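Numbering (my numbering), first residue to last: 1 to 454.
Heads up: the structure comes next, in C-alpha cells.
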Amino acid sequence: MGKMGGAIRKYGPWALAGVLLVCVIAFALSLANGPAEPAQEGTPVTLKVWGGVPADAGPNRVMEEFNRKFASRNLRAEYVYFPNNESGNRRVETTLLAGGNIDLYFTYTTRELEKRAINNMALDLSEDIAKSGINMERYFGSDVFSYYVNGKPYSLPTKLDQYGITINKDLFDAAGIPVPTDWTFDEFREIAKKLSHGEGANRTYGMFFCTQQDISYVMTYFAVRSLGGDPIYKSAGSETNFDSPVIRDLVKLVSDMMNVDHSAPTHADSVTRKLTQESMFLTGKCAMTIGPWIIRSVKDQKTYPHTFTTAFAPYPVSSRGKNYSQGGLGDHLSISPTSPHRDKAWEFLQWYVTEGITYMVEGGRVPAYRGFDQQKIIDLLLKNSGGTIDEKTAKDVLIVPKKNYAIPSITTRLFQISSVMNTHLEKIFIGEESVEGGLASAKKEGDAWLQGSS
Numbered sequence: 001m002g003k004m005g006g007a008i009r010k011y012g013p014w015a016l017a018g019v020l021l022v023c024v025i026a027f028a029l030s031l032a033n034g035p036a037e038p039a040q041e042g043t044p045v046t047l048k049v050w051g052g053v054p055a056d057a058g059p060n061r062v063m064e065e066f067n068r069k070f071a072s073r074n075l076r077a078e079y080v081y082f083p084n085n086e087s088g089n090r091r092v093e094t095t096l097l098a099g100g101n102i103d104l105y106f107t108y109t110t111r112e113l114e115k116r117a118i119n120n121m122a123l124d125l126s127e128d129i130a131k132s133g134i135n136m137e138r139y140f141g142s143d144v145f146s147y148y149v150n151g152k153p154y155s156l157p158t159k160l161d162q163y164g165i166t167i168n169k170d171l172f173d174a175a176g177i178p179v180p181t182d183w184t185f186d187e188f189r190e191i192a193k194k195l196s197h198g199e200g201a202n203r204t205y206g207m208f209f210c211t212q213q214d215i216s217y218v219m220t221y222f223a224v225r226s227l228g229g230d231p232i233y234k235s236a237g238s239e240t241n242f243d244s245p246v247i248r249d250l251v252k253l254v255s256d257m258m259n260v261d262h263s264a265p266t267h268a269d270s271v272t273r274k275l276t277q278e279s280m281f282l283t284g285k286c287a288m289t290i291g292p293w294i295i296r297s298v299k300d301q302k303t304y305p306h307t308f309t310t311a312f313a314p315y316p317v318s319s320r321g322k323n324y325s326q327g328g329l330g331d332h333l334s335i336s337p338t339s340p341h342r343d344k345a346w347e348f349l350q351w352y353v354t355e356g357i358t359y360m361v362e363g364g365r366v367p368a369y370r371g372f373d374q375q376k377i378i379d380l381l382l383k384n385s386g387g388t389i390d391e392k393t394a395k396d397v398l399i400v401p402k403k404n405y406a407i408p409s410i411t412t413r414l415f416q417i418s419s420v421m422n423t424h425l426e427k428i429f430i431g432e433e434s435v436e437g438g439l440a441s442a443k444k445e446g447d448a449w450l451q452g453s454s
C-alpha cells in the first residue's frame, strides 16, 4: 500500500465542500481572532499554541517551563485548548484559514495532517529542518518519512503512539497466568474466560472493550497487528477489506466474548450503563481493558483508590508469525502559514520536541524523539504512581521503539467507510446481524462509497 509520502490521494467532494464552507465563515472568525501584529525587535512575543490535551493534563506545565526558560529573550507561549473531536478540529481549521491567532498547533490523525498540508494550513518545514541540521531519521526513526505529504514535512511528530492491553497484574498473578508478551486471539479469549467469575453486580470480567466510547477500537488496535496500518482497505484503497478472514475472526472474537462467553460486558450494557475504563478497570471489575491512556487515572488515587499493580501486554494477533507492531508517531506539531513569528515558532517547536514533551510524560505521553534516555522516560512515566505501575511491562510495551509499525496511509472516503463499519459492528454486537451478514453488508456499502455510487 502506498504511503503518505507517495502521490497525494484525492479527497472526495465532501472534503472539498467542507473546506469551502470553512472559507465562507472564515472572515467572521478572523474579526474575532484577528492575527497578532508582528512584534518590533526587542519587544515581547507571545506564541499561541493550540492543542487537544486539557491544559491541566500537562500543557500548562509545558508553557510554564518554556516561559521561564525564554523569559530573558522576551519570548513566551500561551496554550489554547480545543476538544480533539470533529467540532474542535473544525474550529482549528476555520481559524487557520481565516489567518487567526494561531502560531503552532497539534494534529492527531494522519487524515487531518494530510488535509491541512494540502490546503495550505501548515508550513513546509524543509528549510527549517535543513538550517537546524536536524537528522530526521536519527531523531525519530525511518518511519517519520511516512508522515511527509508529497515528500515534504509539514510537522514534527512529538509522541510515540505505542499502546497495548492494560492489565490488572494482581488478578493475573492470583490465577497463575503470566503477563503475555506474545499471544493470539484464541489465547486472549481463553485467558479472559479464566479471569471471569461471579454474577450480576458482583461479576468480574476478563476484558472490557469500552465500545460505548469507541466501537472501532477493536479495528484500530487489534486488526492492525495482523493487517497493517490500513486494515479496512485493500487494492490500494479501491476496495474495502471487510471480507478479510482476520477481520471476520476478530469481530467474531469480540462478539463471542460479549454474548457467548460473557467474559466482557455486552455493548448494550456499556452504552446503557455508560461504562468507562475507570469505572471498570480501576474498581477491579475487569482484569483487562483496551488501552494505556488510562495512566493519568491510574495515578489519581484520590479519585480512584486502588492497590493492585497495572501492567501492559501487546495487543493479540490473528496468528503467530510475521506481524506488525501497533504504533507510530503522533501529536504532530505544525506552524501556521499566517504566524507573524515563524522563527520564534520554530524555536518553540524544536524545544518542545527535545525537551518540553518531557513535562507530558507523567500523564502518559511518551516522546517520539529518540535522544532521550529511556530510563529517564520510564522514571517520569512512573512518577507519582505509588508503585502501582509495573516498570518492566510499561517499558517493554509503551516506551522501547519497535520495528515494522502499522502506519495508516490511505484516507479515501475514510469518514464514510468508518461510519459504515461502526454501524454494522454495533448491529453485530447487539445481535441484530450475524458476523458474516453484517460484514457482507459493510463491504457492499463501503465499496459503493469507494466506487462513487453512494
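Where a beta carbon is used, it is the ideal one built from N, C-alpha and C, also for glycine.
A quick note: this is a predicted structure, and the numbers were derived from the prediction, not measured.
By the C-beta density criterion, S319 is exposed, having fewer than 16 other C-beta atoms within 10 angstroms. Non-local C-beta neighbours of D143 in its own chain, meaning closer than 7 Å and more than five positions away in sequence, comprise G328, L329, Y405 and I407, ordered along the chain. Distance from the CA atom of A117 to the CA atom of V149, rounded to whole angstroms, is 7 Å. Cβ atoms of N101 and K48 come within 8 Å of each other, at about 5 Å.
About 6 Å separates the beta carbon of S334 from that of Y154, a gap short enough to meet the 8 Å contact definition. Collapsing the DSSP output to three states places G371 in coil. Counting only runs of 4+ residues, the alpha helix (DSSP H) found wholly inside the segment 333-417 occupies 342-354, 374-382 and 391-394, in chain order. S132 sits close to Q350, with the two beta carbons spaced by under 8 Å. The DSSP-derived three-state label of F106 is strand.
Closest option to H424, judged by alpha-carbon separation, among I290, L398, K444 and G387: K444. Bridge partners of F70 according to DSSP: none are assigned. As the crow flies, the alpha-carbon of P59 is around 17 Å from that of V92. Measuring C-alpha to C-alpha distances from F209 to each of A440, A287, S339 and L104 identifies A287 as the nearest. Counting along the chain, the unbroken beta strand (DSSP E) around V45 starts and ends at V45 to G51. The segment 233-244 makes no contact with the segment 290-297: fewer than 3 CB pairs, one atom from each, lie closer than 8 Å. Excluding residues up to 5 positions away in sequence, L156, T158 and Y369 lie with their Cβ nearer than 7 Å to the Cβ of V353 in the same chain. The Cβ neighbour count for R68, taken over all protein chains shown within 10 Å, is under 16; the residue is labelled exposed.
Note on N85: under 16 other CB atoms within 10 angstroms of its CB, so exposed under the neighbour-count rule. DSSP places I191 in the helix class (H, G or I) of the three-state scheme. Its chain contains L450 as the residues whose beta carbon lies nearer than 7 Å to that of S238, once the 5 sequence neighbours on both sides are disregarded; these appear in chain order. The Cβ atoms of S336 and Y81 do not sit closer than 8 Å to each other.
The count of Cβ pairs closer than 8 Å, one atom from the segment 431-442 and one from the segment 250-259, reaches three, so the stretches are in contact. As summarised for the segment 97-143, the continuous alpha helix (DSSP H) elements at least 4 residues long and confined to that stretch are 110-118, 126-131 and 136-140, given in chain order. Put simply, of D243, F348, I129 and E190 the residue whose alpha carbon is nearest the alpha carbon of W50 is F348. Contact between S226 and V246 holds, with the beta-carbon distance rounding to 5 Å and staying under 8 Å. For the pair F66 and F140, the Cα-to-Cα distance works out to about 22 Å. Annotated three-state conformation of M288 is strand, per DSSP. I167 has M288 and A311 as its beta-bridge partners, per DSSP. Inclusion of G164 and P314 in the CB contact set at 8 Å is warranted, their separation being smaller than that value. For A201, the number of other beta carbons within 10 angstroms of its own is below 16, and it is reported as exposed. Here the alpha carbon of S441 sits roughly 10 Å from the alpha carbon of V435.
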